[in-house]
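Some notes on the structure that comes next.
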Amino acid sequence: MDMDFIKVDQGKCTRCGVCATVCPGVIGMADNGPRAIRDLCVSCGQCVAVCPERALDNTNTPLTDQVPIEENTALDSGRAAQFLRSRRSIRNYQSKSVPREKIAQLLDIARMAPTACNSQGVAYHIVDNPDTLRQISATVMDWTEGELKSSPAMASAKYAPHLAMMVEQYRQTGEDVVLRSAPCLIVAVAEQHSFATGRDNTYLSFAYLQLFATSVGLGTCWAGLFEYCAASGYEPLLALLNLPQNMQVTSGMMVGYPQYAYHRLVARNPLQVTWQ
Ligand SMILES: Cc1cc2nc3c(=O)[nH]c(=O)nc-3n(C[C@H](O)[C@H](O)[C@H](O)COP(=O)(O)O)c2cc1C
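Quick note on numbering: the numbering used here labels position 83 of the sequence shown as 85, and the sequence is numbered without any gaps.
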């Protein structure tokens with residue numbers, strides 16, 4: 003058992019114990035300061051980030067990799083609310099490609115989202131080839147049409163009329179109702195054996211991505227229908243994506259430059275809450 007991952011500079015440590023308090027049970031306080039008491043570090047790095055004296059290091063999340071917070075970066079509540087309520091699902095994109103560096107910038111924030119037990123484990127497969135994108139949409143439409151005809155569960159689902167409408171629109175006009183002619187699709191993938199956690203982690207990472215995208219002028223939309231098709235294991239779609247055998251699609255997100263600006267914030271159903 004390696005219990006040496008916590009390094010303490012005894013000259014700087016004031017024994018305040020905050021590192022042990024924020025840790026989910028792996029660091030304990032001894033007379034001479036913090037030490038690892040279990041070999042179960044999840045590498046969240048909180049112990050290193052919270053130490054006010056830079057006295058603690060953790061070889062799993064080295065101090066040298068942690069960026070100091072130079073100033074209070076918290077948004078005031080009004081701006082934070084406005085920022086969160088300004089995000090919209092973008093269904094109309096400019097016909098302009100997104101530089102790969104910008105997509106990488108989004109992913110670099112997406113990967114900062116919380117994950118179960120710091121499991122992370124979400125990888126991203128980017129499709130920005132216009133022909134492949136259109137083939138994906140066509141394939142998802144084939145699947146949807148087939149499912150509406152052959153699957154009683156799908157045909158009786160609450161959203162079946164919406165799906166039937168999408169298929170009809172696609173067949174009549176060729177309009178890309180699946181990926182909305184977005185110039186880029188981010189496909190999130192996780193290893194098959196950790197699919198359930200991977201999907202939860204993906205959803206949170208995409209929430210981060212959607213919000214951050216607005217600050218770099220990009221718009222996004224969940225590719226829900228694409229996700230359902232991939233999750234069903236539809237071979238023609240999997241063949242197009244050509245992912246490694248052990249990887250499974252957890253979700254998809256369209257990205258591009260929005261065609262329209264929105265002038266009003268999101269409104270939702272009344273809040274339902276109980277207190278106990
Ligand atoms: C899991 C998930 C899947 C979604 N799938 C689609 C989709 O396939 N196509 C689409 O146009 N919007 C999709 N959306 C976007 C929702 O329709 C949208 O969030 C909702 O209508 C509220 O609009 P807003 O995001 O602009 O506030 C999806 C959203 C979520 C969370």
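C-beta: ideal position from N, C-alpha, C; glycine also.
Strand pairing of W224, partner residues [DSSP]
Taking the sequence shown and counting its residues from 1, the one referred to as residue 224 is at position 222. M255.
Kindly indicate the opening and closing residues of the beta strand (DSSP E) around G127.
Residue numbering aside, residue 127 sits at position 125 when the sequence shown is read from its first letter. A small correction: the amino acid at residue 127 is His; Gly does not occupy that position in the sequence shown. A125 to V129 is the span of the beta strand (DSSP E), which, as asked, contains H127.
Taking 6 Å as the cut-off, is the CB of R87 close to at least one heavy atom of ligand 1?
Here residue 87 refers to the residue found at position 85 of the sequence shown. Because no heavy atom of ligand 1 lies under 6 Å away, the Cβ of R87 does not count as near it: no.
Three or more C-beta pairs under 8 Å: does that hold for the stretch 23-35 against the stretch 48-61?
yes
Under 6 Å: does the beta carbon of C223 sit that close to some heavy atom of ligand 2?
Absence of ligand 2 is noted for the structure shown, with ligand 1 being the only ligands found.
Report the CB separation of V218 from K104 in whole angstroms; it is logged as a contact under 8 Å.
Here residue 218 corresponds to residue number 216 of the sequence shown, with the count starting at 1. Here residue 104 corresponds to residue number 102 of the sequence shown, with the count starting at 1. Correct: roughly 6 Å between the Cβ atoms.
Comparing alpha-carbon positions, which option in A83, N94 and G13 lies nearest R56?
Mapped onto the sequence shown, residue 56 falls at position 54. Looking at the Cα atoms, G13 is the closest of the given residues.
Beta-carbon separation of G200 and V129 under 7 Å?
Locating residue 200 in the sequence shown gives position 198, where the first residue counts as 1. Locating residue 129 in the sequence shown gives position 127, where the first residue counts as 1. No, these two residues do not count as a Cβ contact at 7 Å.
Need the endpoints of the alpha helix (DSSP H) that K9 sits in, please.
Position 7 of the sequence shown, counting from 1, holds the residue named residue 9. No alpha helix (DSSP H) holds K9; the beta strand (DSSP E) holding it covers I8 to V10.
Excluding sequence positions up to five away, which residues of its chain have a Cβ less than 6 Å from the Cβ of K117?
Against the sequence shown, residue 117 aligns to sequence position 115. Contrary to the premise, residue 117 reads as Thr rather than Lys in this sequence. Closer than 6 Å at Cβ, skipping near neighbours: N203.
Once DSSP output is grouped into helix, strand and coil, what is the label at G30?
Walking along the sequence shown from the start, residue 30 turns up at place 28. Looking at G30 - three-state DSSP - the assignment turns out to be strand.
Taking C-beta to C-beta, are T141 and A190 nearer than 7 Å?
If you number the sequence shown from 1, residue 141 lands on position 139. If you number the sequence shown from 1, residue 190 lands on position 188. No, the Cβ-Cβ distance between T141 and A190 is not below 7 Å.
Taking only heavy atoms of ligand 1 into account, decide whether any of them is closer than 6 Å to the Cβ of L227.
By 1-based counting over the sequence shown, the position of residue 227 is 225. Yes, since a heavy atom of ligand 1 falls inside the 6 Å radius drawn around the Cβ of L227.
Please state whether DSSP places P190 in a helix, a strand or coil.
Against the sequence shown, residue 190 aligns to sequence position 188. Residue 190 is actually Ala in this sequence, not Pro. If DSSP states are grouped into helix, strand and coil, A190 belongs with the strands.
Using CA atoms only, rank isn't needed, just tell me which of Y264, Q274 and W277 is closest to I92.
If you number the sequence shown from 1, residue 92 lands on position 90. Taking only the C-alpha atoms, the option nearest I92 is Y264.
Where the beta strand (DSSP E) through D59 begins and ends
Here residue 59 refers to the residue found at position 57 of the sequence shown. It spans L58 to N60 - the beta strand (DSSP E) in which D59 sits, taken as one unbroken run.
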